[in-house]
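Asks: Okay, handing you the structure first.
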Amino acid sequence: MEPDERQAFTRFVKETEPRLSYALAAAYGLEVGAEATADALAWAWEHWETLEGKRNPAGYLYRVGQSKARRYWRPTVLFPSLPAAETPSVEPGLTNALASLSKNQRVAVVLIHGMEHSEREVADLLGISRWSVRTHAERGMRRIRHTLGVSADVTS
Amino acid sequence: MSLPETQLREYFDAGVERISAEDVFARTRVGEGGLQPLHSKRSFKPAWAAAGAFAATLVGLGGLASVLKLAPRLAGEADAGAAEAVDAGGSTIAVWLIAAVVAAVAAGLTVWLVHRSSKRAENEQEIDSDQGKVTIMETIDRADTETQTTEKTGQRSRWPIVVIVVMAIALVGLIAWMTLATRPNSPTAAPPEVQQLMEDYYTAWNEYDADAIEGMVTGSYRFHEIVTGADAVVYDLEYLRSNFLPTLEGWEWHNDYDGPYYAVGSDFSMLVTMEGGLMTSPVAVAYPDGDADVVSVFRIVKVGDEWKIAEHVFAPQN
């Protein structure tokens, strides 16, 4: 590979990886999401010339990640509890609330409400309309709030 | 309580394993340099284990069933031949079905055990790292360059899934095949209930038991005896009871069949031929040579739900 290609790929990873990692983790759980992201990015590097020419490379790569994720043994617990030292403000019910959402709801909620991505970015990634993304995010957040027993005006 | 949005960010920031471009380059170099990444937290190991357990159990118990099926013939048991033409395979299919169930249970148990052990190892690794996740890609340096892998990193075989699907299809095919095999395998093979009737009938004859014979024949039952060089004689049940069977008992007459049964007919009447009979009568007057090969032909009819013998033609061959 040429140095220019490495630089271009590095820029692409910096720009795309956060969205991809969080989206695949939200969709398939932390473990499988991490594996799928690594596989998808490895695929991206191996097929960089192909990917570079795509109109929506992030969305394309998300679908590659989805294919890779199907190859892994699906864990019974998608979102395990993490050490309290790392997640002091996370309520125990959050993981169950996340697991109860649909895949697209989780991705929309995590990327829009958790990571503050725009609806357009998420729509491009998932390959669905902005309106659908908004609906998924709203319904997902409503359910999470309901499960956690909090209202929208709670302060941190 | 924090906002759900804050909780989401905190949870995923802590839990999501981030990957840089350098990680990707390193991973690719590993593949190109003959190094193979360790399968990370999730692998197909449980699937392979399930496939192996399933196949081993099925083949093992199936082989055992085959051995048990062949054992009587190897031992030269007299009844083995008679059973051959009407082999219902009932016991064999039962063993195969048991094998399939045991194999499925074994596969499930293996998956569970492997899955549990991998989870345990994973938890121990997490505890050791005290980070809640593993962030280092480990590699194995394969010194033997001739066996260096050219597999691209990140790609894992789909063969375990293919193997499981193929084995499931094979199992369905096996069950279908065994189901078909339970039917008579020849248009002339006597069904099992007819075979049983024949055996019960000859047991009654060998015990000179007219009452037992009466339970297996129709009211118009006739027994034809065809002896070479003589006219055929026809007896009814009463003559058998009062004269013929006591005479045979006096001769210590005994008859065994080890040949196959052939049946021709419809659902309501059938002709059954028993070959390979050997009649012994150490004190017989009619058969001074002592032993005689015999053939019997029956006409049997269905009375209600039961087969009954309407006629029995008995033909000693010497």
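From first to last, the protein sequence lines stand for chains D and A. Here this note's numbering is used: the first residue of the first sequence is 160, the next is one more, and so on. Here this note's numbering is used: the first residue of the second sequence is 29, the next is one more, and so on. Where a beta carbon is used, it is the ideal one built from N, C-alpha and C, also for glycine.
Of the choices Leu-202/A, Phe-342/A, Ala-78/A, Ser-30/A, whose alpha-carbon is the least far from that of Val-190/A?
Replies: Along the second sequence, one-based indexing puts residue 190/A at 162. The shortest Cα separation from Val-190/A among Leu-202/A, Phe-342/A, Ala-78/A, Ser-30/A belongs to Ala-78/A.
Asks: What span of residues does the alpha helix (DSSP H) with Pro-220/A cover, start to end?
Replies: Here residue 220/A refers to the residue found at position 192 of the second sequence. Element bounds for Pro-220/A: 220 to 234.
Asks: Does DSSP classify Ala-240/A as helix, strand or coil?
Replies: Your numbering for residue 240/A matches position 212 in the second sequence. Reduced to three states, the DSSP call for Ala-240/A is helix.
Asks: Among the residues of its own chain, which have a CB less than 7 angstroms from the CB of Val-194/A, if the five just before and after it don't count?
Replies: Numbered from its first residue, the second sequence carries residue 194/A at position 166. Here the set comprises nothing.
Asks: Three-state secondary structure (DSSP) at Leu-241/D?
Replies: Position 82 of the first sequence, counted from the first residue, corresponds to residue 241/D. In the structure shown, Leu-241/D sits in coil (DSSP, three-state: anything other than H, G, I, E or B).
Asks: Please report the Cβ distance between Trp-335/A and Val-222/A, rounded to the nearest whole angstrom; I am assuming they are in contact, meaning their Cβ atoms lie under 8 angstroms.
Replies: Against the second sequence, residue 335/A aligns to sequence position 307. Against the second sequence, residue 222/A aligns to sequence position 194. The Cβ separation is near 6 angstroms, so the contact holds.
Asks: Residues in its own chain within less than 6 angstroms of His-295/D by CB, not counting five upstream and five downstream?
Replies: Counting from one through the first sequence, the residue named residue 295/D turns up at place 136. Answer for His-295/D: Asn-263, Gln-264, Ala-267, listed in chain order.
Asks: To the nearest angstrom, how far is the alpha carbon of Leu-307/D from that of Tyr-219/D?
Replies: The residue labelled residue 307/D in the question sits at position 148 within the first sequence. The residue labelled residue 219/D in the question sits at position 60 within the first sequence. Straight-line Cα distance between these residues: approximately 34 angstroms.
Asks: So what does Phe-251/A bridge to, in DSSP terms?
Replies: The count along the second sequence starts at 1 and reaches residue 251/A at position 223. BP columns for Phe-251/A point to Tyr-263/A, His-340/A.
Asks: Going by DSSP, what residue range makes up the beta strand (DSSP E) through Asp-163/D?
Replies: Counted from its first residue, the first sequence places residue 163/D at position 4. Per DSSP, Asp-163/D belongs to no beta strand (DSSP E); it is in the alpha helix (DSSP H), 162 to 187.
Asks: Quick one: is Thr-85/A buried, meaning 16 or more other Cβ sit within 10 Å of its Cβ, or exposed?
Replies: Along the second sequence, read from residue 1 onward, the residue named residue 85/A stands at position 57. Classification for Thr-85/A: buried.
Asks: Strictly under 8 angstroms for the Cβ-Cβ distance: is Asn-201/A near chain D by that measure?
Replies: As a first step, residue 201/A must be located in the second sequence, where it is residue number 173. Reading off the sequence shown, one finds Gly at residue 201/A, where the question assumed Asn. So, not an interface residue.
Asks: Is it true that the CB of Ile-47/A sits closer than 8 angstroms to the CB of Thr-196/D?
Replies: Sequence index remark: in the first sequence, residue 196/D carries index 37 (1-based). Sequence index remark: in the second sequence, residue 47/A carries index 19 (1-based). Contact flag set, yes.
Asks: At the level of alpha carbons, what is the spacing between Leu-36/A and Gly-273/D?
Replies: Position 8 of the second sequence, counted from the first residue, corresponds to residue 36/A. Position 114 of the first sequence, counted from the first residue, corresponds to residue 273/D. Whole-angstrom Cα-Cα distance: 5 angstroms.
Asks: Assign Gly-293/A to one of three DSSP states: helix, strand, or coil.
Replies: As a position in the second sequence, residue 293/A is number 265, starting the count at 1. Of the three classes helix, strand and coil, the one that applies to Gly-293/A here is strand, per DSSP.
Asks: Out of Asn-215/D, Ala-244/D, Pro-239/D, Trp-232/D, state which residue places its alpha-carbon closest to the alpha-carbon of Glu-174/D.
Replies: Start at 1 with the first residue of the first sequence, and residue 174/D comes out as number 15. Taking only the C-alpha atoms, the option nearest Glu-174/D is Asn-215/D.
Asks: Does the separation of the CB atoms of Trp-202/D and Val-223/D fall below 8 angstroms?
Replies: In the first sequence, counting from the first residue as 1, residue 202/D sits at position 43. In the first sequence, counting from the first residue as 1, residue 223/D sits at position 64. Yes, they are a contact pair.
Asks: Quick check: what's the CA-CA separation for Gln-166/D versus Ile-287/D?
Replies: Here residue 166/D refers to the residue found at position 7 when the first sequence is read from its first residue. Here residue 287/D refers to the residue found at position 128 when the first sequence is read from its first residue. One C-alpha to the other measures close to 30 angstroms.
Asks: Excluding the five sequence neighbours on either side, which residues of its own chain have a C-beta within less than 8 angstroms of the C-beta of Leu-268/A, listed in chain order?
Replies: As a working note, residue 268/A is residue 240 in the second sequence. Around Leu-268/A, the same chain offers Ala-238, Ile-241, Phe-251 as residues with beta carbons nearer than 8 angstroms, after the five sequence neighbours per side are excluded.
Asks: What's the call for Leu-92/A, buried or exposed, on a 16-neighbour Cβ count within 10 Å?
Replies: For this step, residue 92/A is matched to residue 64 along the second sequence. Classification for Leu-92/A: exposed.
Asks: Measure the beta-carbon distance from Glu-284/D to Ala-182/D and round it to whole angstroms, keeping in mind my assumption that it falls under 8 angstroms.
Replies: For the purposes of this step, residue 284/D is taken as residue 125 along the first sequence, with counting starting at 1. For the purposes of this step, residue 182/D is taken as residue 23 along the first sequence, with counting starting at 1. What sits at residue 284/D in the sequence shown is Leu, not Glu. With a Cβ gap of about 6 angstroms, Leu-284/D and Ala-182/D count as contacting.
Asks: Report buried or exposed for Ser-248/A, applying the criterion of at least 16 other Cβ atoms within 10 angstroms of its Cβ.
Replies: Working through the second sequence from its first residue, we reach residue 248/A at position 220. Per the 10 Å Cβ criterion, exposed.
Asks: Do Leu-179/D and Val-52/A have their CB atoms nearer than 8 angstroms?
Replies: Sequence index remark: in the first sequence, residue 179/D carries index 20 (1-based). Sequence index remark: in the second sequence, residue 52/A carries index 24 (1-based). Contact: no.
Asks: Please work out which residues of its chain come closer than 8 angstroms, Cβ to Cβ, to Pro-274/A, disregarding the five sequence neighbours upstream and downstream, and give them in chain order.
Replies: Working through the second sequence from its first residue, we reach residue 274/A at position 246. Once the five neighbours on either side are set aside, the close Cβ partners of Pro-274/A are Tyr-236.
Asks: Pick out whichever of His-340/A, Ala-338/A, Gly-88/A has its Cα sitting closest to the Cα of Ala-131/A.
Replies: For this step, residue 131/A is matched to residue 103 along the second sequence. Nearest option by C-alpha distance: Gly-88/A.
Asks: Quick check on the burial criterion: 16 or more other C-beta atoms within 10 angstroms. Buried or exposed for Leu-241/D?
Replies: For this step, residue 241/D is matched to residue 82 along the first sequence. The residue in question, Leu-241/D, is buried, as its Cβ has 16 or more Cβ neighbours within 10 Å.
Asks: Could you tell me if Asp-198/D is buried or exposed, where buried requires 16 or more neighbouring beta carbons within 10 angstroms of its beta carbon?
Replies: Indexing the first sequence from 1 puts residue 198/D at position 39. Of the other Cβ atoms in all chains shown, 16 or more fall within 10 Å of the Cβ of Asp-198/D; this residue is therefore buried.
Asks: Are Ala-193/D and Glu-45/A touching if we call contact CB-CB under 8 angstroms?
Replies: Taking the first residue of the first sequence as 1, we reach residue 193/D at position 34. Taking the first residue of the second sequence as 1, we reach residue 45/A at position 17. In contact: Ala-193/D and Glu-45/A (Cβ atoms closer than 8 angstroms).
Asks: So for Ile-47/A, helix, strand or coil by DSSP?
Replies: Taking the second sequence and counting its residues from 1, one reaches residue 47/A at position 19. Coil at Ile-47/A, not helix or strand.
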